[in-house]
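S.K.:
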Amino acid sequence: MAVLSLDRLSKRYGARLAVDSVSFNIEGREVFGLLGPNGSGKSTILRLVTGYLRPTSGTVQVAGLDVARDGRAARRRIGYVPESAPLYGHMRVVEFLGFMGRLRGIMGLALEKAVDAAVDRLALGDVRSVIIERLSYGYRQRVSLAQAILHEPELLVLDEPTNGLDPRQIIELRGLLRRLAEDCAVLVTSHVLAEIERTADRVGILLDGRLLTIEPITREATEPPPPSRLETLFLDLTQAKAIQ
Amino acid sequence: MSVVGALAAKEIRTLFTSPIAYAVIAVFMVLSGYTFTVSLFVTKQATLVHIFFQAAVQLILLVPLITMRQFAEERRTGTLELLLTAPVREIDIVLAKFVACMVVLGVIAFSTLIYAVVLSVYGDPDWGPIYSGYVGLVLLGASLLSVGLTISALTANQIVAAVVSLGLFGVLWSIDTLASLLPQPFENWLLGLSLLARFTPFAVGALYVSDFGFFLTVILLGLFLTVRALARS
């Protein structure tokens, strides 16, 4: 059974059709990329998938659950990182993760374990007690990812996760996404072709709300391709600077 | 801790980590302290009627400052999307914010108990109007909070939320003056909506079921409309 199934999904805002009869499935352990120019309907599709918006027509099923009819049960199976990683800036990292865990029904010892596991996985140990508004954007993005994987979702949804990240953070995120995809299906959007090509197994190209095509990306290993020459040079130089 | 409990704890913490709650409480205490002192020395009566009326007017001015950012700020910063895509119901989010705002209102009401204590030590107050005055103050405050939350849920701009709330509260408070210019049955209809007309019996010690019903209706209607404003569209 597909982890995510969209069937003739449409969303209309007044006279404008933001999403036009989009259908696709995502299997487990797959990274599916949605690629399209700004305003092509990528974020709207993610908001329909996560239940933030209701479709005008068509259905979204997550692990067989209809998001419109069984909203809460479906949302329990989704981890979502909205664009620009909105967080509660006045909270400390572990406090925020604990809060998000409680919203997903994780309590007591299980919550502590889930928070520790997410902190370890996203390498947030150094900043676990830091107030979020004092973190760099890269760390904030990691905190946002950590809250999304706290409950071990079957589907991870990320909206433009590389926006605002520096090259080092983008390279780290690529590897992280591939590792996360070992446990769940990943739906990720971007308007940067190279990013999708490096992280996704299949890519859907959107224009004006319509899904034009779905193309597989052939890759020999599950790991992302190695960094380019320029990326390697950047990593070496910034690493040396960081050590100094 | 339940989901509503977790949300309410977060909301209370958020309210009390911002200076707004402290400013509102401090301004309220200074003004009500001034009124209590002056009215006590002028009237020499062991009553809190002046305090209740002034507290009601202060709530109309101060409640918009408490409710303005509740949803507007979450919408502006995008955290509302975080909440609404978690497995929680809209009513849980609304109730949590309402409870948090009621805690601030409770602190405000509690701060005025000192005046009742002073009256009981140095005089022999009639406790009936004092009890009913507190009931009226809490009902009025809860109604204003409920409507303020609705307005906050309709906008992403907290200043707009505050100004619209203030305007609406002002109209509802003083609508009885407009009512007197209208023929029957419009006069009675407008009087029925007047917060001043509904609050006055509580402040002077008269309890009417219709006034309870009015405030409870406003509270429930406000919460319902807030949930509707948040509902996924």
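Chains A and B, in that order, are what the protein sequence lines are.
Residue numbering for the first sequence follows this note's numbering, starting at 1 and increasing by one per position.
Residue numbering for the second sequence follows this note's numbering, starting at 1 and increasing by one per position.
C-beta: ideal position from N, C-alpha, C; glycine also.
Source: prediction; values computed, not measured.
1. With 16 as the cutoff for other CB atoms within 10 Å, does Glu27 (chain A) come out buried or exposed?
2. Tell me which residues of the segment 61-94 of chain B have at least one Cβ-Cβ distance to chain A shorter than 8 Å, keeping chain order.
3. Unbroken beta strand (DSSP E) runs of length 3 or more, entirely within the segment 59-93 of chain B: which are they?
4. According to DSSP, simplified to helix, strand and coil, what is Val135 (chain B)?
5. Thinking C-alpha only, which one of B:Leu193, B:Tyr134 and B:Gln54 is nearest Leu178 (chain B)?
6. For Thr213 (chain A), which of A:Asn163, A:Glu195, A:Phe32 and A:Leu180 has the nearest alpha-carbon?
7. Which of the residues in the segment 197-227 of chain B, read from start to end, lie with their CB under 8 Å from any CB of chain A?
8. Among the residues of its own chain, which have a CB less than 7 Å from the CB of Leu223 (chain B), if the five just before and after it don't count?
9. Put Leu9 (chain A) into one of helix, strand or coil per three-state DSSP.
10. Determine the burial state of Ala162 (chain B): buried for a count of at least 16 other Cβ atoms within 10 Å of its Cβ, exposed for fewer.
11. For the beta strand (DSSP E) containing Val19 (chain A), name the first residue and the last one.
12. Ordered along the chain, which non-local residues of its own chain (more than five positions away) have a Cβ less than 7 Å from that of Ala55 (chain B)?
13. What residues from chain A crowd round Ala6 (chain B), counting only those whose CB sits closer than 8 Å?
14. With distances taken from CA atoms, which of B:Thr17, B:Leu80 and B:Thr14 is nearest Pro86 (chain A)?
15. May I ask which residues mark the beginning and end of the beta strand (DSSP E) holding Ala185 (chain A)?
16. For Ser18 (chain B), count the other beta carbons within 10 Å of its own beta carbon; 16 or more makes it buried, fewer makes it exposed. Which is it?
17. Along chain A, which residues have their Cβ under 8 Å away from the Cβ of Thr17 (chain B)?
18. May I have the straight-line CA-CA distance separating Glu160 (chain A) from Lys42 (chain A), to the nearest angstrom?
19. Is Gly123 (chain B) helix, strand or coil when you go by DSSP?
20. Whole angstroms is fine: what's the gap from Val107 (chain B)'s alpha carbon to Arg54 (chain A)'s?
21. Could you work out which residues of chain A lie near Val147 (chain B), taking near to mean beta carbons separated by less than 7 Å?
22. So is Arg72 (chain A) in contact with chain B if we call contact Cβ pairs under 7 Å?
23. If you follow the alpha helix (DSSP H) that Glu187 (chain B) is in, where does it begin and where does it stop?
24. What number of angstroms, rounded off, separates the C-alpha of Ile20 (chain B) from the C-alpha of Pro64 (chain B)?
25. Below 8 Å CB to CB, which residues in the same chain sit around Ala68 (chain A) once its five sequence neighbours on both sides are set aside?
M.R.: A quick look at the data gives this:
1. Sixteen is the threshold: since fewer than 16 other Cβ atoms of the shown chains lie within 10 Å of the Cβ of Glu27 (chain A), the residue is exposed.
2. Across the segment 61-94 of chain B, CB contacts with chain A closer than 8 Å involve Thr77, Gly78, Thr79, Glu81, Leu82, Leu83, Leu84, Thr85, Ala86, Pro87, Val88 and Arg89, in sequence order along the chain.
3. Taking only runs of at least 3 residues, no beta strand (DSSP E) segment lies wholly in the segment 59-93 of chain B.
4. Secondary structure of Val135 (chain B) (DSSP, three-state): helix.
5. Checked all of B:Leu193, B:Tyr134 and B:Gln54; the closest Cα to Leu178 (chain B) is B:Leu193.
6. Considering only alpha carbons, the answer is A:Phe32.
7. For the segment 197-227 of chain B, which is checked against every Cβ of chain A, not one residue is closer than 8 Å.
8. Counting only Cβ-Cβ distances below 7 Å, and skipping sequence neighbours, we find Val94, Phe98 and Ser146.
9. Three-state result, Leu9 (chain A): strand.
10. When all chains shown are included, Ala162 (chain B) counts as buried.
11. Unbroken beta strand (DSSP E) run through Val19 (chain A): Arg16 to Ile26.
12. Here the set comprises Ser32, Thr112 and Leu137.
13. At a C-beta separation below 8 Å, Ala6 (chain B) has these neighbours in chain A: Phe99, Arg102 and Leu103.
14. With distances taken between Cα atoms, Pro86 (chain A) lies closest to B:Leu80.
15. Note, Ala185 (chain A): beta strand (DSSP E), Ala185 to Ser190.
16. The Cβ neighbour count for Ser18 (chain B), taken over all protein chains shown within 10 Å, is under 16; the residue is labelled exposed.
17. Correct list: His90.
18. Those two C-alpha atoms are separated by around 9 Å.
19. Coil.
20. Going by C-alpha positions, Val107 (chain B) is about 40 Å away from Arg54 (chain A).
21. Those do not exist, as Val147 (chain B) stays about 26 Å from chain A at its closest Cβ, beyond 7 Å.
22. With respect to chain B, the C-beta atom of Arg72 (chain A) has a partner C-beta closer than 7 Å.
23. Run containing Glu187 (chain B): Phe186 to Leu193, per the alpha helix (DSSP H) assignment.
24. For Ile20 (chain B) and Pro64 (chain B), the distance between alpha carbons rounds to 11 Å.
25. Around Ala68 (chain A), the same chain offers Gly51, Arg54, Pro55, Thr59 and Val60 as residues with beta carbons nearer than 8 Å, after the five sequence neighbours per side are excluded.
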